[in-house]
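Scroll down for the structure; my scribbles are underneath it.
Residue numbers (this note's numbering): 2 to 393.
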């Protein structure tokens, strides 16, 4: 589907700044300011056509995008796009296509069943000991495969109406909750002060053991990862962050510096990739990606099979291909580099791990397994012995 260039499969970290903005008079100070980046996002068809040769599928997709999921692309991320290649793996993620208007019978508005597990507006309690706290409906840029496109960006039919006080009260009352994940939208779009207000409130709830943030801002908007932000986040340890990188080209010099800054402040980083056709559905691309992540001090965490979001079938890759890629990594690179391949069971079943079949046979006496080379081995089960009779 996509045409990989040699530069995509190299592990070097490259800055693309100022890229398309080279002749626009932007200063280094402006470019490095996350507020400038947000104010100068590409949000219109004319803005795209000023820089790119659009296909008809893209042009029509942009015209129709306002009815489902808004388009917005930061200058930093826009610079990663190949202007002449409609199959560019960055373009496929971020520029609307007319295929988004095609809805298959099996696709859903809420594929993860979040709305049905929402005891108070904005708080999803699907797993026993952890919750998802949706704190905003805005992102720095909008992924075309967004699981929450029904509420994100303000263009869809639903609105996210988080009741913060009700959410805090629910968490205070439910002592089984030990883990809170902040997401949305993207929590790192909040100011330091607004974000800290949420973190400090959560931190005061004694039974909450740690807090996480899920964010694509370090990738879309690395200028936001300031020393001041990192120092504030470090006040709330144990604190974790999951970032979202799908293709090696996304790991630029600026992104690497931001990720390292977070890590230097003691924040463990994991990456959640979405398995996308034409983006990362081949072994060489995925291996380069996970190696660059480790070099950025990020542990590959999950590889998600694409959620069955409406209008996403053009980005859907076969599950069998994902299993094939995991098998191509296992044993051929360090275990730290191998994410867990999961399907978020449609309708709200939660994450289900999907692995190659390494167990060939299992009974009460033995388990027969194979390794990455295809060799088979037997592991004996412990013999069942009667409890000893003690004569006192």
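Think of the CB as a built atom: it goes at the ideal place given N, C-alpha and C, for glycine as much as any other residue.
Exercise for the section: Starting from residue 109, follow its DSSP beta bridges and name the residues at the other end. Expected result: 310
Practice task
Quick one: residues in its chain with C-beta nearer than 8 Å to the C-beta of residue 295, no 5 flanking neighbours on either side, listed in chain order?
Solution key: Closer than 8 Å at the Cβ level, and outside the excluded window around residue 295, lie 301, 335, 337, 338.
Handout entry: Cross-strand partners of residue 131 (DSSP beta bridge)
Key = 128, 180, per the DSSP bridge assignment.
Handout entry: For residue 38 and residue 224, believed in contact at Cβ under 8 Å, the rounded distance
Key = 6 Å
Exercise for the section: Below 7 Å CB to CB, which residues in the same chain sit around residue 158 once its five sequence neighbours on both sides are set aside? Expected result: 151
Handout entry: Boundaries (first-last residue) of the alpha helix (DSSP H) holding residue 285
Key = 284 to 296
Practice task
Just mark residue 2 as buried or exposed, buried being the case when its beta carbon has 16 or more other beta carbons within 10 Å.
Solution key: Note that residue 2 has pLDDT 46, beneath the 50 cutoff, so the model's placement of it is unreliable and the number below is only indicative. The residue is exposed, with fewer than 16 neighbouring Cβ atoms inside 10 Å.
Practice task
Say whether the stretch 164 to 182 touches the stretch 138 to 150, bearing in mind that this needs 3 or more beta-carbon pairs closer than 8 Å, one atom from each stretch.
Solution key: no
Practice task
Sort 97, 74, 55 by Cα distance to residue 86 and report the nearest one.
Solution key: 55
Exercise for the section: Starting from residue 352, trace the beta strand (DSSP E) both ways and give me its first and last residue. Expected result: For residue 352, the uninterrupted beta strand (DSSP E) run begins and ends at 351 to 354, by DSSP.
Problem - Counterpart residues of residue 304 in DSSP-defined beta bridges - result: 274, 342
Problem - Boundaries (first-last residue) of the alpha helix (DSSP H) holding residue 377 - result: It is not in any alpha helix (DSSP H) - residue 377 instead sits in the beta strand (DSSP E) that spans 377 to 381.
Exercise for the section: Assign residue 205 to one of three DSSP states: helix, strand, or coil. Expected result: coil
Problem - Secondary structure of residue 63, DSSP reduced to three states - result: helix
Practice task
Measure the C-alpha to C-alpha separation of residue 318 and residue 246 and round it to an integer number of angstroms.
Solution key: The straight-line gap from Cα to Cα measures roughly 17 Å.
Exercise for the section: Rounded to whole angstroms, what's the CA-CA distance from residue 374 to residue 309? Just pull it up for me. Expected result: Cα to Cα, the separation comes out at about 34 Å.
Exercise for the section: Could you tell me the boundaries of the beta strand (DSSP E) in which residue 317 lies? Expected result: Per DSSP, residue 317 belongs to no beta strand (DSSP E) and is neither H nor E.
Problem - Helix, strand or coil at residue 336 according to DSSP, with G and I counted as helix - result: helix
Handout entry: Cα-Cα separation, residue 365 to residue 344
Key = 30 Å
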